[in-house]
Amino acid sequence: MKQSLLIFLLSLFVFSCEKQMKSVHHVLKINGRLGQLEIKNANDYLTAKEFVLGKFNYREDLRFTKVKSMHSAKVLYLDIEVYNAFIKMYDAAVKDGVSLKIISGTRNFNEQKAIWERKWQKYNSLKPTERATKILEYSSMPTSSRHHWGTDLDLNSLSNSYFSSGKGKVIYDWLNANANDFGFYQVYTEKINGRTGYNLEKWHWSYLPLAGEYLNFYNFNITAKDVNGFDGALLANELNIIEDYVNGISKKAKAYK
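Residue numbers in the sequence shown follow the numbering used here, run continuously in steps of one, and reach 346 at the last position.
Here it is as structure tokens:
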């Protein structure tokens, strides 16, 4: 009796996954592929979910590569396609006398959790909702960060004021004029035209040829229930993490095809 029940539950689970996978194929229109990940069965589908939630080891993932020290301020990793695109952008910037330096790249769930929970303790004098909202000005809840995907990078400085004058402004002006040609877009612009979520981040640039696919998959397959495993996670639904933050990107980024 127990064995029959187990078989029935497993069959129901596989059927549910296969049904979702068909929808994934329809929504993404990528012939069963998510970036470099091929989705053929229920296990592949679950792997894809774990990936967009940041629950994997990018250091051991063949889709990722270590960034050379000439391009980064510390040891970090990016998706190979993203890094190759960055190198082309870097070389073009050098020719124009502009120096780009990556200061943050891929961060998995555990790394994002460490950042989040450090700030959660820092703001422990605030009420839970205020506490989370304060952190969310610039930091994502684990499972909801674009940095999980290896498509997003922070450049040169984590200060908006740095990019408003002098050398920083030269860099920012160059990026605004040229980064899109290499697939990189600033996703967290000024909060105009109804943009919600994180504050302005002039340093944060996203490689949309891949990030766009991952966001589509995320929106169709992830819910607030998947945002869990860290302090304050129960606030994800109340704070509209997916609607207002994961999707709180610039109008230009949303229009990218």
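Quick reminder that beta carbons are idealized off the backbone N, C-alpha and C, glycines included. Since this is a predicted model, take the numbers as computed values, not measurements.
Grab the span of the alpha helix (DSSP H) containing E166 for me, first residue to last.
As a working mapping, residue 166 is identified with position 77 in the sequence shown. One point to set straight first is that residue 166 is Tyr, not Glu, in the sequence displayed. Where Y166 is concerned, there is no enclosing alpha helix (DSSP H), although the beta strand (DSSP E) it sits in stretches over Y166 to D168.
Can you list, in chain order, the residues of its chain with a C-beta nearer than 8 Å to that of K111? Leave out the 5 residues immediately preceding and following it.
Indexing the sequence shown from 1 puts residue 111 at position 22. For K111, the predicted model reports a pLDDT of 43, less than 50, meaning its position is unreliable; a value from the coordinates is still stated below. Answer for K111: no residue qualifies.
Using only CA atoms, which one of I176, Y251 and G124 lies nearest to E290?
As a working note, residue 290 is residue 201 in the sequence shown. Among I176, Y251 and G124, the Cα nearest to that of E290 is on Y251.
Under 8 Å, do G286 and D333 count as touching if we go by C-beta distance?
Taking the first residue of the sequence shown as 1, we reach residue 286 at position 197. Taking the first residue of the sequence shown as 1, we reach residue 333 at position 244. A contact, by the Cβ cut-off of 8 Å.
With C-beta atoms as the reference, is V141 less than 8 Å away from I311?
Reading the sequence shown from its first residue, position 52 is the one you call residue 141. Reading the sequence shown from its first residue, position 222 is the one you call residue 311. Result yes, Cβ atoms of V141 and I311 sit closer than 8 Å.
Taking one C-beta from the region 203-212 and one from the region 267-274 each time, how about it: are there three or more such pairs within less than 8 Å?
Contact between the region 203-212 and the region 267-274 is absent, because fewer than three Cβ pairs lie under 8 Å.
Does DSSP put H293 in a helix, in a strand, or in coil?
For this step, residue 293 is matched to residue 204 along the sequence shown. In this structure, H293 counts as strand in the three-state DSSP scheme.
Using 8 Å for Cβ pairs, my map puts V156 next to I191. What's the rounded Cβ distance?
Looking up residue 156 in the sequence shown gives position 67. Looking up residue 191 in the sequence shown gives position 102. With a Cβ gap of about 6 Å, V156 and I191 count as contacting.
Given this structure, state the Cα-to-Cα distance separating T222 from R235, to the nearest angstrom.
Taking the sequence shown and counting its residues from 1, one reaches residue 222 at position 133. Taking the sequence shown and counting its residues from 1, one reaches residue 235 at position 146. Computed Cα separation, rounded: 18 Å.
Skipping 5 residues on each side, what residues in its chain have a beta carbon closer than 7 Å to that of N326?
Reading the sequence shown from its first residue, position 237 is the one you call residue 326. Same-chain partners within the cutoff: A313.
For the beta strand (DSSP E) containing L244, name the first residue and the last one.
Taking the sequence shown and counting its residues from 1, the one referred to as residue 244 is at position 155. Element bounds for L244: D241 to L244.
By how many angstroms is the C-alpha of L304 removed from the C-alpha of L123?
Within the sequence shown, residue 123 is the residue found at index 34, counting from 1. Within the sequence shown, residue 304 is the residue found at index 215, counting from 1. If you take the alpha carbons of L123 and L304, they lie about 10 Å apart.
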